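Under the numbering used here, the residue at position 48 of the sequence shown is numbered 57, and the numbers go up by one with no gaps.
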Amino acid sequence: MSETEHTGPEDAAAEVPAEEPPAAAEEPASPEAVEPSPAGPSDSSEATGASAPNDLAAPQIGDSRPSAQDTVRAAARREAGDGGDFTRYQQARQQNALNKLKRSAVANGSGSAFYAEQLTIGGDSGVEIQVLSVSVLTVAQQLDSHQDVEQQTQMAARLAAQHVVVLAGQPGSGRQSTALTLLAGCCSDDRIKILHSETPGVLQALCQRADDLLAPGGFVVDLDDQPLKLSTLETLGHLARKHRAFLVILGELGRVDPDRLRPHAFEHRRPALGQVLAVHLRRLLAGHPGACPEQDCTTEHTTAFTARMLESQQVQRTLDGAPSVRSVVEFAELLAQHIHSEDTSLSDVIGQWRDRLRRLAKQLLRVPAETSHGPVLDPHRQAFRIAYAFFHGLPLSDVFEAGEVLSATVLPRYETREPAPTNHVFERELDQLIPQEMRAPGDALSGGRTDDNPRCARLVNEDLMHAVIEVVWHDYDSLRDPLREWLTALVAGPLERIRVRAAHIAGILLSHDFDSVYRDLIRHWARKSAAYRQSAALALEMAAHDPRVVGRVRAQIRSWLSSPRWEYQDSAARAYGTLVGAQDVPDTLWALRELGTRPELAFSSSVAFSMSWLYLAGAPGQTADALDRWIASDNDHLAKHAIRTLLILSRYGVGPDRRDRPVLADTAMTDPDRAEALIRLWRHALMGQDSSTRAWDLLRRWLLAADADKELAAFLEVLVPRIWARPLSLRAGFYLGMWAGRHPDSRTIRQLRDQPPEAGPTPRSES
Numbered sequence: 010m011s012e013t014e015h016t017g018p019e020d021a022a023a024e025v026p027a028e029e030p031p032a033a034a035e036e037p038a039s040p041e042a043v044e045p046s047p048a049g050p051s052d053s054s055e056a057t058g059a060s061a062p063n064d065l066a067a068p069q070i071g072d073s074r075p076s077a078q079d080t081v082r083a084a085a086r087r088e089a090g091d092g093g094d095f096t097r098y099q100q101a102r103q104q105n106a107l108n109k110l111k112r113s114a115v116a117n118g119s120g121s122a123f124y125a126e127q128l129t130i131g132g133d134s135g136v137e138i139q140v141l142s143v144s145v146l147t148v149a150q151q152l153d154s155h156q157d158v159e160q161q162t163q164m165a166a167r168l169a170a171q172h173v174v175v176l177a178g179q180p181g182s183g184r185q186s187t188a189l190t191l192l193a194g195c196c197s198d199d200r201i202k203i204l205h206s207e208t209p210g211v212l213q214a215l216c217q218r219a220d221d222l223l224a225p226g227g228f229v230v231d232l233d234d235q236p237l238k239l240s241t242l243e244t245l246g247h248l249a250r251k252h253r254a255f256l257v258i259l260g261e262l263g264r265v266d267p268d269r270l271r272p273h274a275f276e277h278r279r280p281a282l283g284q285v286l287a288v289h290l291r292r293l294l295a296g297h298p299g300a301c302p303e304q305d306c307t308t309e310h311t312t313a314f315t316a317r318m319l320e321s322q323q324v325q326r327t328l329d330g331a332p333s334v335r336s337v338v339e340f341a342e343l344l345a346q347h348i349h350s351e352d353t354s355l356s357d358v359i360g361q362w363r364d365r366l367r368r369l370a371k372q373l374l375r376v377p378a379e380t381s382h383g384p385v386l387d388p389h390r391q392a393f394r395i396a397y398a399f400f401h402g403l404p405l406s407d408v409f410e411a412g413e414v415l416s417a418t419v420l421p422r423y424e425t426r427e428p429a430p431t432n433h434v435f436e437r438e439l440d441q442l443i444p445q446e447m448r449a450p451g452d453a454l455s456g457g458r459t460d461d462n463p464r465c466a467r468l469v470n471e472d473l474m475h476a477v478i479e480v481v482w483h484d485y486d487s488l489r490d491p492l493r494e495w496l497t498a499l500v501a502g503p504l505e506r507i508r509v510r511a512a513h514i515a516g517i518l519l520s521h522d523f524d525s526v527y528r529d530l531i532r533h534w535a536r537k538s539a540a541y542r543q544s545a546a547l548a549l550e551m552a553a554h555d556p557r558v559v560g561r562v563r564a565q566i567r568s569w570l571s572s573p574r575w576e577y578q579d580s581a582a583r584a585y586g587t588l589v590g591a592q593d594v595p596d597t598l599w600a601l602r603e604l605g606t607r608p609e610l611a612f613s614s615s616v617a618f619s620m621s622w623l624y625l626a627g628a629p630g631q632t633a634d635a636l637d638r639w640i641a642s643d644n645d646h647l648a649k650h651a652i653r654t655l656l657i658l659s660r661y662g663v664g665p666d667r668r669d670r671p672v673l674a675d676t677a678m679t680d681p682d683r684a685e686a687l688i689r690l691w692r693h694a695l696m697g698q699d700s701s702t703r704a705w706d707l708l709r710r711w712l713l714a715a716d717a718d719k720e721l722a723a724f725l726e727v728l729v730p731r732i733w734a735r736p737l738s739l740r741a742g743f744y745l746g747m748w749a750g751r752h753p754d755s756r757t758i759r760q761l762r763d764q765p766p767e768a769g770p771t772p773r774s775e776s
């Protein structure tokens, strides 16, 4: 067998139990797994299976006690359906949530800090929530410049009556300004805070920790791209009234549907941008005449300037293309700085505003003084600045590691350095490597105290990352080859979040230059080892956020599917396990079925990981129906992929609010057809020579989880005897006896052990 990431014969894998997510020292999944593992769902011990829309956070089910099968002899290879790798992959994608692709370097905001103090509270759910206080001055500034939006009166009335309201709109539409204005009408200005979390499940954690987090006052909660259920919203309203707190929840339109959350939710449309510009120009120029060195500067002059700007067709066209309310605020600040410029220079001012981040990126990559070789920045500083921009939001340890690969390993292959640069360790402190104009104000606080733990890279504006990417690619021709080699080295590295971010950077480059980047980078990744194939899939997913190239992305994935090379086929299977696949579920299920029937992918877990991701990403019904057809198929490969998918999904809980309830069981509890399909999947898995050991152990976890969930226990006490019907009844009795000895306090196991074995008819499609 050629170089492959196939997991090998599953009968060997059946000997290895799956308790908790495997440690880094696990057996490799295949001969290829000894290479660097992929940044995604693969069969290697490090790889793991975008984002559940933008990435899933379904918790795993299980206890920390060692399994009785731990004493079974170790197998040469692991089975592909473990799910632990899948978990680490999902977590890495959550942390690398980049979903903006822009060809121009227009910013969304100024990055102004709202927070005066910070308190971090971590709950048992594993969701860390930061409580950030908003200063009275910031609230006053927001009230002074805020422009009312549609239905704001109804929003205020709803918040006052029910203590909770949801604003569903696009980021940059002024939602935060509206939220602060609404809260200022319900509580004092010094009692407004922001609840923030980098991980999903913030509302469920807030429900669990309401006594610690909520107090009389106002709170803003930004869901980012997470969905919201009406039941969660009603629970929050009850808790807010109990604690005399007022909650304004910000959600993204599409992920949060106001129609389904009425009367608590409203669609938030941005105000008229001309009015936003007017109010900010007047605020910025209110005290200008008194501080201006120009002798003839008067209030009449500033008033006339404001009127000319608002009437200008150039300014109006600029506002029509503004990406956000915050960008209009920045535009107002720039116009105010040029109050005494000639009107003929307005075009230059507008061009300066549109291109400011790109010019800053070019400035950061140049040296301020001439050298004997011209304006050449020290290679280490240049590499570290690129790494700092590319890895915005990730720990500084990742930045140092990636920057070192670029400066010490990649660049020397393309440069002639004479004499050899000296290396003084203490000359490389952060303040010298990264200038202040590049870093966010909160990156380093007085006294060395930082808000991040671990400390992270924070750009002054997150869109500066896109500007640096564009400048590096388009303005430094000789840097293209080193950049491709650097990204290739990073996606083969050992750390998941670095691999995912490097793949995302490649996806952003695809949006700038699809033909060149695909030909010289992505195509090579797609036919190499599992690490590269997963990165190729992630790069295409990132590029698909750009509507200009989404058609080319879909066509390329379909081309991989039709390729005679199994590596391209496997890359296609991985690509369907991304947001590209979630955008057209029927077509994705057809493609995965087509790939699942092919012998070349029989031992690969990519199909199962993509099916699992699709189930968790919001299409459980269609995915479950497909799995039910697969398990009854005459094609043995499809049945094995269905069993692998079951073994992955059986480890995942419903969410942070019900971490111990299996997501598969939760769906089947309210749908008899799903329950029948689940029975068929479990029976095949429990009887399969390749999967039985792991399947029995995962079913044990379900029974232990039911001890804390009465509804789940009642459901399993009916379902499980049907799963264990003949010819499994004898083996079920053996396992029940063993589990009863290991878990004497488990009521569910004891209840099932006392029941007679189910002797009903054998479900269809079994032999």
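Positions of the beta carbon are idealized from the N, C-alpha and C atoms, including for glycine. Nothing here was measured: the structure is a model prediction, and the numbers come from that model.
Per the contact definition of three or more C-beta pairs closer than 8 Å, is the segment 606–614 in contact with the segment 558–572?
No, the segment 558–572 is not in contact with the segment 606–614.
From the DSSP output, in three-state form, read off R390 for me.
Here R390 sits in helix by DSSP.
To which residues of the same chain is H752 closer than 7 Å at the C-beta, ignoring the five residues directly before and after it?
If we look at H752 and ignore the five residues flanking it on each side, its Cβ neighbours are L713 and I758.
Can you give me the C-alpha to C-alpha distance between P50 and A345, rounded to a whole angstrom?
Its pLDDT being 35, under 50, P50 is placed unreliably by the model, and nothing is read from it.
To the nearest angstrom, how far is it from the Cα of L415 to the Cα of H554?
Distance between the alpha carbons of L415 and H554: 27 Å.
Following the continuous beta strand (DSSP E) through V140, name the residue where it begins and the one where it ends.
Start and end: E137 to V143.
Using a threshold of 8 Å, state whether the C-beta atoms of A466 and H401 are closer than that.
Taking 8 Å as the cut-off, the Cβ atoms of A466 and H401 count as close.
Residues bridged to H277 by DSSP?
For H277, DSSP records no beta bridge to any residue.
Around the C-beta of P9, are 16 or more other C-beta atoms found within 10 angstroms, so that it is buried, or is it exposed?
The chain is shown from 10 up to 776; residue 9 falls before or after that span and cannot be answered.
Who are the Cβ neighbours of L286 in its own chain at under 6 Å, not counting the five residues just before and after it?
V337 and A341.
Contacts around I443, its chain only, beta-carbon distance under 6 Å, and the 5 residues preceding and following it disregarded:
Cβ within range, chain order: Y397.
Would you mind stating whether E339 and A177 have Cβ atoms separated by less than 8 Å?
Cβ distance not < 8 Å, so E339 and A177 don't count as in contact.
As an exercise, report each continuous beta strand (DSSP E) stretch of at least 3 residues that is fully enclosed by the segment 590–676, in chain order.
Counting whole runs of 3 or more residues, the segment 590–676 contains the beta strand (DSSP E) stretches 662–664 and 667–671.
I need the straight-line Cα distance from L191 to F523, nearest angstrom please.
Distance between the alpha carbons of L191 and F523 is about 45 Å.
For W575, collect the residues of the same chain with a Cβ closer than 7 Å to its Cβ; drop the 5 residues on either side in sequence, then sort them by chain order.
Leaving aside the five residues that flank W575 on each side, the residues in its chain whose CB is nearer than 7 Å to its CB run, in chain order, E609 and L610.
Identify whether I201 lies in helix, strand or coil by the three-state DSSP scheme.
Looking at I201 - three-state DSSP - the assignment turns out to be strand.
C-alpha distance - L721 paired with Q760, whole-angstrom precision
In this model, L721 and Q760 are separated by some 13 Å (Cα to Cα).
Note the first and the last residue of the continuous alpha helix (DSSP H) segment covering V419.
Where V419 is concerned, there is no enclosing alpha helix (DSSP H), given that its DSSP letter is neither H nor E.
May I have a chain-ordered list of the beta strand (DSSP E) segments no shorter than 3 residues that lie completely inside the segment 675–730?
Complete beta strand (DSSP E) runs here, min 3: none at all.
I need the DSSP call for P267, collapsed to helix, strand or coil.
Residue state, collapsed to three classes: helix.
With DSSP collapsed to three states, give me the class of R762.
In the structure shown, R762 sits in a helix (DSSP, three-state: H, G or I).
Just to confirm, is the Cβ distance from K202 to F228 under 8 Å?
Annotated as proximal: K202 and F228, with beta-carbon spacing under 8 Å.
In this structure, does DSSP put V337 in helix, strand or coil?
The answer is helix: DSSP assigns V337 an H, G or I state.
Which residue comes first and which comes last in the beta strand (DSSP E) that contains G226?
Note, G226: beta strand (DSSP E), G226 to D231.
For Y624, count neighbouring Cβ atoms within 10 angstroms of its own Cβ and tell me buried if that reaches 16, exposed if not.
Buried: at least 16 other Cβ atoms inside 10 Å.
C-beta contact flag for D716 and R653 at 8 Å:
Their beta carbons are not under 8 Å apart, which means D716 does not touch R653 by this criterion.
Between W482, S520 and N470, which has its C-alpha nearest Q445's C-alpha?
It is N470 whose Cα lies nearest to the Cα of Q445.
Figure out for me which residue from H693, S154, V477 and G283 has the closest Cα to the Cα of A316.
Per the Cα distances, G283.
Using the Cα positions of G590 and D596, report the straight-line distance between them to the nearest angstrom.
Rounded to whole angstroms, the gap between the alpha carbons of G590 and D596 is 8 Å.
Would you check if the segment 164–177 and the segment 267–281 touch, i.e. whether three or more CB-CB distances between them fall below 8 Å?
At 8 Å Cβ cutoff, the stretches touch.
Whole-angstrom distance between W733 and D763, CA atom to CA atom:
Here the alpha carbon of D763 sits roughly 14 Å from the alpha carbon of W733.
Within 8 Å, strictly: CB atoms of L468 and A498
In this structure, L468 sits away from A498, with a CB-CB distance that is not shorter than 8 Å.
Helix, strand or coil for R448 per DSSP?
In the structure shown, R448 sits in a strand (DSSP, three-state: E or B).
Can you tell me whether A331 is helix, strand or coil according to DSSP?
Here A331 sits in coil by DSSP.
8 Å contact criterion, which L374 and Q391 should meet: CB distance rounded
About 6 Å; that satisfies the 8 Å criterion.
Using three-state DSSP, classify L739 as helix, strand or coil.
Assigned with DSSP and collapsed to three states, L739 falls in helix.
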